[in-house]
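For what it's worth, the numbering used here labels the leading residue of the sequence shown as 194, then goes sequentially.
We treat Cβ as the ideally placed atom computed from N, Cα and C, and that holds for glycine.
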Amino acid sequence: MPENRVPKGGTFIGSSLLFCDKVAGEAITVNCLNEFHDYLEKKNVQQGIIQVTHSDQFKVRIPKDFEKIDFNLKETGDLNMMPASDRHLVVFCEINPDSLKEYFRKTLELLNLYDTIYFTSSPEVARFVNDRGLFTLIQDVAGKRDLDHELERLNEEKTRRMQAFVAELEAEKQKIEKEQIKLAEQYQSWLAENEKQHEENAKRIEAAKIQSTHSGTVYNHYLEKIVESVNRLNDLQQPYQVRRWLNEHKRHFIEQVQQQQLPQALRSVSTPAHATVKASATIMGVPNYSDYGMKSKPAEEEFNIYKVLTFVLIVLLLAGLAFACFFMEFNF
Numbered sequence: 194m195p196e197n198r199v200p201k202g203g204t205f206i207g208s209s210l211l212f213c214d215k216v217a218g219e220a221i222t223v224n225c226l227n228e229f230h231d232y233l234e235k236k237n238v239q240q241g242i243i244q245v246t247h248s249d250q251f252k253v254r255i256p257k258d259f260e261k262i263d264f265n266l267k268e269t270g271d272l273n274m275m276p277a278s279d280r281h282l283v284v285f286c287e288i289n290p291d292s293l294k295e296y297f298r299k300t301l302e303l304l305n306l307y308d309t310i311y312f313t314s315s316p317e318v319a320r321f322v323n324d325r326g327l328f329t330l331i332q333d334v335a336g337k338r339d340l341d342h343e344l345e346r347l348n349e350e351k352t353r354r355m356q357a358f359v360a361e362l363e364a365e366k367q368k369i370e371k372e373q374i375k376l377a378e379q380y381q382s383w384l385a386e387n388e389k390q391h392e393e394n395a396k397r398i399e400a401a402k403i404q405s406t407h408s409g410t411v412y413n414h415y416l417e418k419i420v421e422s423v424n425r426l427n428d429l430q431q432p433y434q435v436r437r438w439l440n441e442h443k444r445h446f447i448e449q450v451q452q453q454q455l456p457q458a459l460r461s462v463s464t465p466a467h468a469t470v471k472a473s474a475t476i477m478g479v480p481n482y483s484d485y486g487m488k489s490k491p492a493e494e495e496f497n498i499y500k501v502l503t504f505v506l507i508v509l510l511l512a513g514l515a516f517a518c519f520f521m522e523f524n525f
């Protein structure tokens, strides 16, 4: 179709509807396109010549059912299952409103294999495409059913990809199960080791309680002897007799103190090893797994009350001895 003031042909005008994520029903799509394009040709083409030089000069009119498209949208199914192929398909077929509706319905999933699908009933266009080899040409006329073969090939490809997807998921499942078993074994080992440590720590704590009680008794007994020595001096008993009496108890006290053992330090609880599981990405939009791991914080050192108790008792003992010595020297 030649342009105005351009003697040669080869210029075409076309109409299209652009959908995103969803598509309209085939009937309303074809009706709106036909109505829009009929008006476009009627107002802009005369005797096979385009009357404008730029597309922004076209006289157009919105189809009467255009607003209804939003209420007739439907999902595209698994249209995004396969990546774009940079391939284009031309279907040579009979074109009328009813046949286009059926072609649109049947070929929607073929967009998984082709980026664009054209329909034409022009033998010249079909011959041109075939001679140039620019696009893939199939025929759906005069007993030729290439379109059915394309649809069968699509189903075979979908089946192959689905089987590959299932196999990849099965391999990933086995990998994750192995990681799960390995991680469970690590934790079982960690739990068994720390349960044993807790049992040993419980025994040490119980022994330390007994030692603490006994130590307190030993120190208290000697402190009582010091107080009693002071009372004897106050009762005018001879200092050398009091000293000799106290020294006997002191020797016994020192022997008992030397026999005392400080509590054994508690065994620290180990932390579980840092575990990491990595899984490869799968096809068909299955997301990647992130590295994950679990790590415990190091246990804080516990407050050792037994050392503090021993230190306090020693201070009290030294204070009592200093007081007794000072008092006895004062009386001498």
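How many whole angstroms separate the CB atoms of residue i and residue j, which I take to be in contact at a CB cut-off of 8 Å?
{"i": "Y307", "j": "R280", "result": "5 Å"}
{"i": "E268", "j": "K235", "result": "No, E268 and K235 are not in contact; Cβ-Cβ is about 35 Å, not under 8 Å."}
{"i": "K294", "j": "V223", "result": "5 Å"}
{"i": "N394", "j": "L459", "result": "5 Å"}
{"i": "P432", "j": "L426", "result": "6 Å"}
{"i": "P456", "j": "Q404", "result": "6 Å"}
{"i": "Q453", "j": "S408", "result": "6 Å"}
{"i": "L347", "j": "N305", "result": "7 Å"}
Since residue i is in the alpha helix (DSSP H), which residue starts that stretch and which ends it?
{"i": "E393", "result": "D339 to N427"}
{"i": "A220", "result": "E219 to N237"}
{"i": "D279", "result": "It is not in any alpha helix (DSSP H) - D279 carries neither H nor E in the DSSP assignment."}
{"i": "V440", "result": "Inspection of the sequence shows that residue 440 is occupied by Asn rather than by Val. Segment P432 to Q452, the alpha helix (DSSP H) holding N440."}
{"i": "S292", "result": "P290 to T300"}
Return yes when the Cβ of residue j is within less than 8 Å of the Cβ of residue i, no when it is not.
{"i": "L327", "j": "E302", "result": "no"}
{"i": "S314", "j": "I288", "result": "yes"}
{"i": "K252", "j": "N265", "result": "no"}
{"i": "L210", "j": "L233", "result": "no"}
{"i": "F229", "j": "S248", "result": "no"}
{"i": "I206", "j": "I262", "result": "no"}
{"i": "F285", "j": "D333", "result": "yes"}
{"i": "Y415", "j": "L511", "result": "no"}
{"i": "V411", "j": "V435", "result": "no"}
{"i": "K375", "j": "L344", "result": "no"}
Run through the DSSP bridge pairs and tell me what residue i is partnered with.
{"i": "F285", "result": "T313 and Q332"}
{"i": "L266", "result": "A217"}
{"i": "I255", "result": "In the DSSP output, where bridge partners are listed per residue, I255 has none listed."}
{"i": "I242", "result": "Q239"}
Mind checking residue i: buried by the 16 CB within 10 Å criterion, or exposed?
{"i": "P316", "result": "exposed"}
{"i": "E219", "result": "buried"}
{"i": "S382", "result": "exposed"}
{"i": "I221", "result": "buried"}
{"i": "L282", "result": "buried"}
{"i": "T352", "result": "exposed"}
{"i": "A319", "result": "buried"}
{"i": "A335", "result": "exposed"}
{"i": "F135", "result": "Only positions 194 to 525 of the chain appear in the structure, and residue 135 is not among them; the question remains open."}
{"i": "K366", "result": "exposed"}
{"i": "I419", "result": "buried"}
{"i": "P256", "result": "buried"}
{"i": "A377", "result": "exposed"}
{"i": "A385", "result": "exposed"}
{"i": "A217", "result": "buried"}
{"i": "V322", "result": "buried"}
Following a CB-centred definition, is residue i positioned closer than 7 Å to any heavy atom of the ligand HEM?
{"i": "E417", "result": "Absent from the structure shown: the ligand HEM. Ligands present: none."}
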